[in-house]
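Q: Protein chains in written order, with the numbering used here: chain U, 1 to 352; chain F, 1 to 352; chain C, 1 to 352.
The beta-carbon is built from N, C-alpha and C at its ideal position, and this holds for glycine as well.
What follows is a structure written as structure tokens; I'll ask about it next.
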Amino acid sequence: MKMELREIASLLNGEVEEGGDLVITGASGIKEAREGDITFLANPKYAPLLETTRAAAVIVEKGWELSCAKPLVRVENASLAFGALIERFGPKKIEFPPGVHPMAAVSPKASLGKDVHVGPFAVVEEGASIGDRSIVRSAVYIGHDAKVGADCHIYPNVTIRERCEIGDRVIIHGGTVIGSDGFGYVAVKGVHHKIPQIGRVVIEDDVEIGANVSIDRARFDRTIVRRGTKIDNLVQIAHNCDIGENSIIVAQVGISGSTSIGKNVILAGQVGVVGHVTIGDNTIIGAKGGVSKSIPPNSYYIGLPVMEAKQYKKTHAALSRLPDLAAKVKELERKLADLDRRLPGHAATEND
Amino acid sequence: MKMELREIASLLNGEVEEGGDLVITGASGIKEAREGDITFLANPKYAPLLETTRAAAVIVEKGWELSCAKPLVRVENASLAFGALIERFGPKKIEFPPGVHPMAAVSPKASLGKDVHVGPFAVVEEGASIGDRSIVRSAVYIGHDAKVGADCHIYPNVTIRERCEIGDRVIIHGGTVIGSDGFGYVAVKGVHHKIPQIGRVVIEDDVEIGANVSIDRARFDRTIVRRGTKIDNLVQIAHNCDIGENSIIVAQVGISGSTSIGKNVILAGQVGVVGHVTIGDNTIIGAKGGVSKSIPPNSYYIGLPVMEAKQYKKTHAALSRLPDLAAKVKELERKLADLDRRLPGHAATEND
Amino acid sequence: MKMELREIASLLNGEVEEGGDLVITGASGIKEAREGDITFLANPKYAPLLETTRAAAVIVEKGWELSCAKPLVRVENASLAFGALIERFGPKKIEFPPGVHPMAAVSPKASLGKDVHVGPFAVVEEGASIGDRSIVRSAVYIGHDAKVGADCHIYPNVTIRERCEIGDRVIIHGGTVIGSDGFGYVAVKGVHHKIPQIGRVVIEDDVEIGANVSIDRARFDRTIVRRGTKIDNLVQIAHNCDIGENSIIVAQVGISGSTSIGKNVILAGQVGVVGHVTIGDNTIIGAKGGVSKSIPPNSYYIGLPVMEAKQYKKTHAALSRLPDLAAKVKELERKLADLDRRLPGHAATEND
Numbered sequence: 001m002k003m004e005l006r007e008i009a010s011l012l013n014g015e016v017e018e019g020g021d022l023v024i025t026g027a028s029g030i031k032e033a034r035e036g037d038i039t040f041l042a043n044p045k046y047a048p049l050l051e052t053t054r055a056a057a058v059i060v061e062k063g064w065e066l067s068c069a070k071p072l073v074r075v076e077n078a079s080l081a082f083g084a085l086i087e088r089f090g091p092k093k094i095e096f097p098p099g100v101h102p103m104a105a106v107s108p109k110a111s112l113g114k115d116v117h118v119g120p121f122a123v124v125e126e127g128a129s130i131g132d133r134s135i136v137r138s139a140v141y142i143g144h145d146a147k148v149g150a151d152c153h154i155y156p157n158v159t160i161r162e163r164c165e166i167g168d169r170v171i172i173h174g175g176t177v178i179g180s181d182g183f184g185y186v187a188v189k190g191v192h193h194k195i196p197q198i199g200r201v202v203i204e205d206d207v208e209i210g211a212n213v214s215i216d217r218a219r220f221d222r223t224i225v226r227r228g229t230k231i232d233n234l235v236q237i238a239h240n241c242d243i244g245e246n247s248i249i250v251a252q253v254g255i256s257g258s259t260s261i262g263k264n265v266i267l268a269g270q271v272g273v274v275g276h277v278t279i280g281d282n283t284i285i286g287a288k289g290g291v292s293k294s295i296p297p298n299s300y301y302i303g304l305p306v307m308e309a310k311q312y313k314k315t316h317a318a319l320s321r322l323p324d325l326a327a328k329v330k331e332l333e334r335k336l337a338d339l340d341r342r343l344p345g346h347a348a349t350e351n352d
Numbered sequence: 001m002k003m004e005l006r007e008i009a010s011l012l013n014g015e016v017e018e019g020g021d022l023v024i025t026g027a028s029g030i031k032e033a034r035e036g037d038i039t040f041l042a043n044p045k046y047a048p049l050l051e052t053t054r055a056a057a058v059i060v061e062k063g064w065e066l067s068c069a070k071p072l073v074r075v076e077n078a079s080l081a082f083g084a085l086i087e088r089f090g091p092k093k094i095e096f097p098p099g100v101h102p103m104a105a106v107s108p109k110a111s112l113g114k115d116v117h118v119g120p121f122a123v124v125e126e127g128a129s130i131g132d133r134s135i136v137r138s139a140v141y142i143g144h145d146a147k148v149g150a151d152c153h154i155y156p157n158v159t160i161r162e163r164c165e166i167g168d169r170v171i172i173h174g175g176t177v178i179g180s181d182g183f184g185y186v187a188v189k190g191v192h193h194k195i196p197q198i199g200r201v202v203i204e205d206d207v208e209i210g211a212n213v214s215i216d217r218a219r220f221d222r223t224i225v226r227r228g229t230k231i232d233n234l235v236q237i238a239h240n241c242d243i244g245e246n247s248i249i250v251a252q253v254g255i256s257g258s259t260s261i262g263k264n265v266i267l268a269g270q271v272g273v274v275g276h277v278t279i280g281d282n283t284i285i286g287a288k289g290g291v292s293k294s295i296p297p298n299s300y301y302i303g304l305p306v307m308e309a310k311q312y313k314k315t316h317a318a319l320s321r322l323p324d325l326a327a328k329v330k331e332l333e334r335k336l337a338d339l340d341r342r343l344p345g346h347a348a349t350e351n352d
Numbered sequence: 001m002k003m004e005l006r007e008i009a010s011l012l013n014g015e016v017e018e019g020g021d022l023v024i025t026g027a028s029g030i031k032e033a034r035e036g037d038i039t040f041l042a043n044p045k046y047a048p049l050l051e052t053t054r055a056a057a058v059i060v061e062k063g064w065e066l067s068c069a070k071p072l073v074r075v076e077n078a079s080l081a082f083g084a085l086i087e088r089f090g091p092k093k094i095e096f097p098p099g100v101h102p103m104a105a106v107s108p109k110a111s112l113g114k115d116v117h118v119g120p121f122a123v124v125e126e127g128a129s130i131g132d133r134s135i136v137r138s139a140v141y142i143g144h145d146a147k148v149g150a151d152c153h154i155y156p157n158v159t160i161r162e163r164c165e166i167g168d169r170v171i172i173h174g175g176t177v178i179g180s181d182g183f184g185y186v187a188v189k190g191v192h193h194k195i196p197q198i199g200r201v202v203i204e205d206d207v208e209i210g211a212n213v214s215i216d217r218a219r220f221d222r223t224i225v226r227r228g229t230k231i232d233n234l235v236q237i238a239h240n241c242d243i244g245e246n247s248i249i250v251a252q253v254g255i256s257g258s259t260s261i262g263k264n265v266i267l268a269g270q271v272g273v274v275g276h277v278t279i280g281d282n283t284i285i286g287a288k289g290g291v292s293k294s295i296p297p298n299s300y301y302i303g304l305p306v307m308e309a310k311q312y313k314k315t316h317a318a319l320s321r322l323p324d325l326a327a328k329v330k331e332l333e334r335k336l337a338d339l340d341r342r343l344p345g346h347a348a349t350e351n352d
């Protein structure tokens, strides 16, 4: 694969000032780049890397002031533009041709759209439907009356249980389980009786879900992950949760039952959220935060249990000085006793 | 599906005061209910929902004092009664008919009980046995000499390794692994040598295990989960653990090797327990708690590391006032120096 | 299986002082041992168990001073020696004979070494290669151009995605996913655009990976787990991480993107590490620790966020006395006001 720099600029709706006839033979990260590669600068704070990279040319953003001996391609969003380019120079994309593998088990009562790929050992049950161009990989299970939209990619060993609904352009990575029973019991004399979980899970369009995630079906209604939200690996979402649009749920987060997460929320790694609370839009919860109550929108909370970030920082700064504080109090007690002794009218009975 | 309210009352061993001839056409949660639905009140504190629900009738408990314009069915346990009812009005239950799918790989030396269902791409190895009426779904793996009891439901993509033993009426959700090797090594000059893990896992009757759980086999003997215990998704149980009866292990809990958990214990979400300790019967550990020592029975512990709940609350209330406390100490130091200066016999050498 | 104690000693390069003609019929842990069993003492602090064990003989280390009525076999490393012995006395090892199961889907363009076992419903894609004597169990997925080395054991339901590389003697337990996409997006006006993840995962020789683990592929280059490192269940390793040699990553640890972990590091259970930091060689992070910055080598850190262990212990001891400290400060304020009133020259305006 070879492209002139000016062709690349044109492909990315970008501008090249000089070196337009340079021939680019690969694309790579700024640290990994080799001779002939094009790379990109994600953030002007990394500008010193322009000095050391072996790349032949660099994609940067319009308006960044940079001094660089190498030809620059200026675009609106460098990271995004580079993402588009990488498919040309990256490893050959694997094709999953339309068709059902002879060793798949697809019910004659399932409904498959145009150009669907179903891999070996996949199961598609009665009443299930799969939208156009979707890719269902090996050993995926799609339950009775479940719906998978168009242009989805469901990776190997995923389980999607009965009646769950997956939107368009959804990606689900290996080992994930959608629609397992919510965790609900009634205790009668110390014995736990299972509460039927007859609801389902709805995953809206453009959601991506990582590997080995669990999203439980609702007791009656639905657990929902709304449009554009991205979920990392090993996340737990309990029954009846409502996860808002365009949120980011980082690895190993756990969200308990009936909790609502707003739009554009970020839950950092290993956060835990109790049940029946609400986290407002645009809020960030720092890594390992323990959320035990509702959190307002546009906030930044940290800690276990979480506090507003400024309070957290003040508290934890004070905490790290706590041994000193204890020593100071001891010293104060000593001095005060000393003062007391030196005072006229000192009453021995009071302090001794 | 249609039933008169009086038929429902009779089915549930309940009582209906008025409206017995009302025709019920569905069953749903109190918030989701539509016209013609029957619903239930789980807890009298939610009584205000009786005013707003669209449900036609409500299941409540005998003895609750409630004013409600809608017909009530009074039963012993509303949640339990409703659970029994839901199977009549809920979505049609999926049947898994007895028989072995032609694309399953069942050893001729495995032993299958009466009316067992084995789905496509399931593997049942030599010497394994499956009890009457159990359902083994697609791509489940059941290892050599493993035993699954009667009336179990093993969901897709579950792995049960060799010699493990699963009781009756056990439910295991998708992606779970039972009997992986315990995590044990001997370090010799910085190199870790694997310690053989030749024990197994025993899961007793009426246990339910969530999705993507890992329960490791014992080094010699057995890791055991006792009767009636319920385990949520993404839980880790290490080798040689002993989990008591009727306990509740919430999502993403991790229990280290050789630890014993009592009966009727609740470990809330993301709790971690170190190895070789005991948690007594009826004890509750709050969410995200870090248990680093044995905990007595009938206790409630919270925090990282866990403290008895009352002490935790006192400590954390004090912690949130810590910046104020530091300011107070500073003020005390100032005042004390001031007093000292005003004292007769002030010695400049002492404090200056 | 029967062996004389002297044969066992000779097998283990050990020494037996008396009782060499004793016949041993089994091998077991010191607590579980029955008559006729041989057992071992892992650590001299457990010496009192020598009094109570039912075992006929005990493997101990040269140089330990022990008084024991039972015959002892003295070796270099008791645990290691016992591991070697257990294979003789333990349950019969399951054989996975060479050959491809007729219900596996192996591409004719995949390359299989000598004596490879491929189980039912396994998928080996075009360009993939599997080394000599490796065992690929049921429903394992091995992607395009992926490499698995020699003498590996890949347990059921594992997913290894395209171009990933697994060394020799690697063990991967059930449900684990290697090479899922890194979690990376560019936000443009609140919408998250996926960043292509075109790198791969490299797992070096002698690594063991537990059940339901996720290791993401790099954005460009590689995520790497180096030689001899052992990873427990449900661990998350994000894109571009570099995990050093002979480290121990305990269950439910999460490591964020581009972080480097040194050699011989121990991350205890449920530790979380932020992205783009380094943990030095030989460092230990205590259970549930939250690492938010780089940590030097040869250290021991604990807490949330982590502190050097000594500081942590001091701080947390002070924390547990914090309610007392607050009470002391209140008392000091009272006494100081009292002193102030008793002072000659007391100015009412100052303190009242």
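What first and last residue would you give for the alpha helix (DSSP H) that runs through Leu325 (chain C)?
A: Numbered from its first residue, the third sequence carries residue 325 (chain C) at position 325. Looking at the DSSP string, the run of the alpha helix (DSSP H) that includes Leu325 (chain C) is 322-342.
Q: Could you check how far apart the C-beta atoms of Val148 (chain F) and Gly131 (chain F) are, in whole angstroms? I think they sit under 8 Å.
A: The residue given as residue 148 (chain F) occupies position 148 in the second sequence. The residue given as residue 131 (chain F) occupies position 131 in the second sequence. So it is a contact: roughly 6 Å between Cβ atoms.
Q: Taking DSSP as the reference, what is the three-state secondary structure of Leu304 (chain U)?
A: On the first sequence, position 304 is the one that residue 304 (chain U) refers to. Correct three-state label for Leu304 (chain U): coil.
Q: Consider the Cβ of Gln197 (chain U): report whether some Cβ of chain C lies at a distance smaller than 9 Å.
A: Working through the first sequence from its first residue, we reach residue 197 (chain U) at position 197. Taking Cβ atoms only, chain C never reaches closer than 9 Å to Gln197 (chain U), which makes this a no.
Q: Quick check: the Cα distance between Gly210 (chain C) and Val213 (chain F), rounded to an integer number of angstroms?
A: As a working mapping, residue 210 (chain C) is identified with position 210 in the third sequence. As a working mapping, residue 213 (chain F) is identified with position 213 in the second sequence. Going by the C-alpha atoms only, they are around 12 Å apart.
Q: Could you give the distance in angstroms between the alpha-carbon of Trp64 (chain U) and the alpha-carbon of Gly190 (chain C)?
A: The count along the first sequence starts at 1 and reaches residue 64 (chain U) at position 64. The count along the third sequence starts at 1 and reaches residue 190 (chain C) at position 190. Spanning the two alpha carbons is a distance of roughly 22 Å.
Q: Closer than 7 Å by C-beta to Pro297 (chain U): which residues in its own chain qualify, once you throw out the five before and the five after it? Chain order, please.
A: Mapped onto the first sequence, residue 297 (chain U) falls at position 297. Here the set comprises Gly262, Gly280, Asp281, Asn282, Thr283.
Q: Should Asn43 (chain C) go down as buried or exposed, given a rule of 16 or more other Cβ atoms within 10 Å for buried?
A: The count along the third sequence starts at 1 and reaches residue 43 (chain C) at position 43. Classification of Asn43 (chain C): exposed, given that the 10 Å Cβ count is below 16.
Q: Is Asp168 (chain F) closer than 9 Å to Asp181 (chain F) when the C-beta atoms are compared?
A: Your numbering for residue 181 (chain F) matches position 181 in the second sequence. Your numbering for residue 168 (chain F) matches position 168 in the second sequence. No, these two residues do not count as a Cβ contact at 9 Å.
Q: If I follow the unbroken alpha helix (DSSP H) through Gly179 (chain F), where does it start and stop?
A: The residue labelled residue 179 (chain F) in the question sits at position 179 within the second sequence. First-last for Gly179 (chain F): 177-180, but that is the beta strand (DSSP E), not the alpha helix (DSSP H).
Q: For the segment 112-127 of chain C, list every residue whose C-beta sits within 9 Å of some C-beta in chain F, in sequence order.
A: Residues Gly119, Pro120, Phe121.
Q: With distances taken Cα to Cα, identify the nearest neighbour of Gly4 (chain F) among F:Glu333, F:Thr278, F:Pro71, F:Gln270.
A: Residue 4 (chain F) sits at position 4 when you count from the first residue of the second sequence. For the sequence presented, residue 4 (chain F) should be read as Glu rather than Gly. The shortest C-alpha separation from Glu4 (chain F) is found at F:Pro71.
Q: For the segment 162-188 of chain F, list every residue whose C-beta sits within 8 Å of some C-beta in chain U, in sequence order.
A: Cβ contacts with chain U: Ile171, His173, Gly174, Gly175.
Q: By alpha-carbon positions, which one of F:Val188, F:Val250, F:Ser260 ends up nearest to Ile266 (chain F)?
A: The residue you call residue 266 (chain F) lines up with position 266 of the second sequence. Comparing Cα-Cα distances from Ile266 (chain F) to each of F:Val188, F:Val250, F:Ser260, the minimum goes to F:Val250.
Q: Going by DSSP, which residues form a beta bridge with Val277 (chain C)?
A: Within the third sequence, residue 277 (chain C) is the residue found at index 277, counting from 1. Paired residue(s): none; Val277 (chain C) is not in a bridge.
Q: Take Ser10 (chain C) and list the residues in its own chain whose beta-carbon comes closer than 8 Å to its own, dropping the five residues that flank it on each side.
A: For the purposes of this step, residue 10 (chain C) is identified with residue 10 of the third sequence, where counting begins at 1. Excluding sequence neighbours, Ser10 (chain C) sits near nothing in its chain.
Q: Over the uninterrupted beta strand (DSSP E) stretch that includes Ala187 (chain F), give me the two end residues.
A: What you label residue 187 (chain F) is simply residue 187 of the second sequence in a count that begins at 1. Its beta strand (DSSP E) spans residues 185-188.
Q: Strictly under 9 Å for the Cβ-Cβ distance: is Ala348 (chain C) near chain F by that measure?
A: In the third sequence, counting from the first residue as 1, residue 348 (chain C) sits at position 348. With a pLDDT of only 45 at Ala348 (chain C), under 50, the local geometry of the prediction cannot be trusted, and no value is derived from it.
Q: Is the CB of Ser260 (chain U) under 9 Å away from at least one CB in chain F?
A: Here the question's residue 260 (chain U) lines up with position 260 in the first sequence. Not one chain F Cβ lies under 9 Å of Ser260 (chain U).
Q: If the criterion is Cβ atoms closer than 9 Å, does the pair Cys241 (chain F) and Arg200 (chain F) meet it?
A: In the second sequence, residue 241 (chain F) corresponds to position 241, counting from 1. In the second sequence, residue 200 (chain F) corresponds to position 200, counting from 1. Taking 9 Å as the Cβ cut-off, Cys241 (chain F) and Arg200 (chain F) do not qualify as a contacting pair.
Q: Which one or two residues does DSSP pair with Gly272 (chain F) in a beta bridge?
A: Locating residue 272 (chain F) in the second sequence gives position 272, where the first residue counts as 1. F:Gly254, F:Gly290, per the DSSP bridge assignment.
Q: Might you give, ordered along the chain, the residues of its own chain that have their beta carbon closer than 7 Å to the beta carbon of His153 (chain U), omitting 5 neighbours on each side?
A: Counted from its first residue, the first sequence places residue 153 (chain U) at position 153. Only Ile135, Ile171 meet the Cβ criterion.
Q: DSSP three-state label for Asn351 (chain C), please.
A: Working through the third sequence from its first residue, we reach residue 351 (chain C) at position 351. Caution applies to Asn351 (chain C), whose pLDDT of 40 falls short of 50 and renders its modelled position unreliable; the value that the coordinates give is listed next. Three-state DSSP puts Asn351 (chain C) in a helix.
Q: Would you decide whether His276 (chain F) is buried or exposed? Buried here means 16 or more other CB atoms lie within 10 Å of its CB.
A: By one-based count along the second sequence, residue 276 (chain F) stands at place 276. With fewer than 16 other Cβ atoms within 10 Å, it is exposed.
Q: Since Ile195 (chain C) and Arg219 (chain C) should fall inside the 8 Å C-beta cutoff, what is the C-beta to C-beta distance between them, to a whole number of angstroms?
A: As a first step, residue 195 (chain C) is located in the third sequence; it is residue number 195 there, counting from the start. As a first step, residue 219 (chain C) is located in the third sequence; it is residue number 219 there, counting from the start. With a Cβ gap of about 7 Å, Ile195 (chain C) and Arg219 (chain C) count as contacting.
Q: If you check the beta carbons only, do Pro97 (chain F) and His117 (chain F) fall under 9 Å apart?
A: Locating residue 97 (chain F) in the second sequence gives position 97, where the first residue counts as 1. Locating residue 117 (chain F) in the second sequence gives position 117, where the first residue counts as 1. Going by C-beta atoms, Pro97 (chain F) is nearer than 9 Å to His117 (chain F).
Q: With H, G and I counted as helix, E and B as strand and the rest as coil, what does DSSP make of Gln197 (chain F)?
A: Position 197 of the second sequence, counted from the first residue, corresponds to residue 197 (chain F). Note: Gln197 (chain F) maps to coil in three-state DSSP.
Q: Please state whether DSSP places Tyr312 (chain F) in a helix, a strand or coil.
A: Numbered from its first residue, the second sequence carries residue 312 (chain F) at position 312. It is helical.
Q: Please confirm whether Pro97 (chain F) has its beta-carbon closer than 9 Å to some beta-carbon of chain C.
A: Within the second sequence, numbered from 1, the residue matching residue 97 (chain F) stands at position 97. False, the Cβ-Cβ gap to chain C never drops below 9 Å.
Q: Could you spell out where the alpha helix (DSSP H) holding Glu87 (chain U) opens and where it closes?
A: Position 87 of the first sequence, counting from 1, holds the residue named residue 87 (chain U). Looking at the DSSP string, the run of the alpha helix (DSSP H) that includes Glu87 (chain U) is 78-89.
Q: Determine the direct distance from the alpha carbon of Val16 (chain U) to that of Glu204 (chain U), and round the result to whole angstroms.
A: Position 204 of the first sequence, counting from 1, holds the residue named residue 204 (chain U). Position 16 of the first sequence, counting from 1, holds the residue named residue 16 (chain U). Using only the alpha carbons, I get a separation of about 39 Å.
Q: Among C:Ala104, C:Glu125, C:Gly99, which has the Cα closest to the Cα of Arg113 (chain C)?
A: The count along the third sequence starts at 1 and reaches residue 113 (chain C) at position 113. Checking the sequence, you will find Gly at residue 113 (chain C) rather than Arg. Out of C:Ala104, C:Glu125, C:Gly99, C:Gly99 has the C-alpha closest to the C-alpha of Gly113 (chain C).
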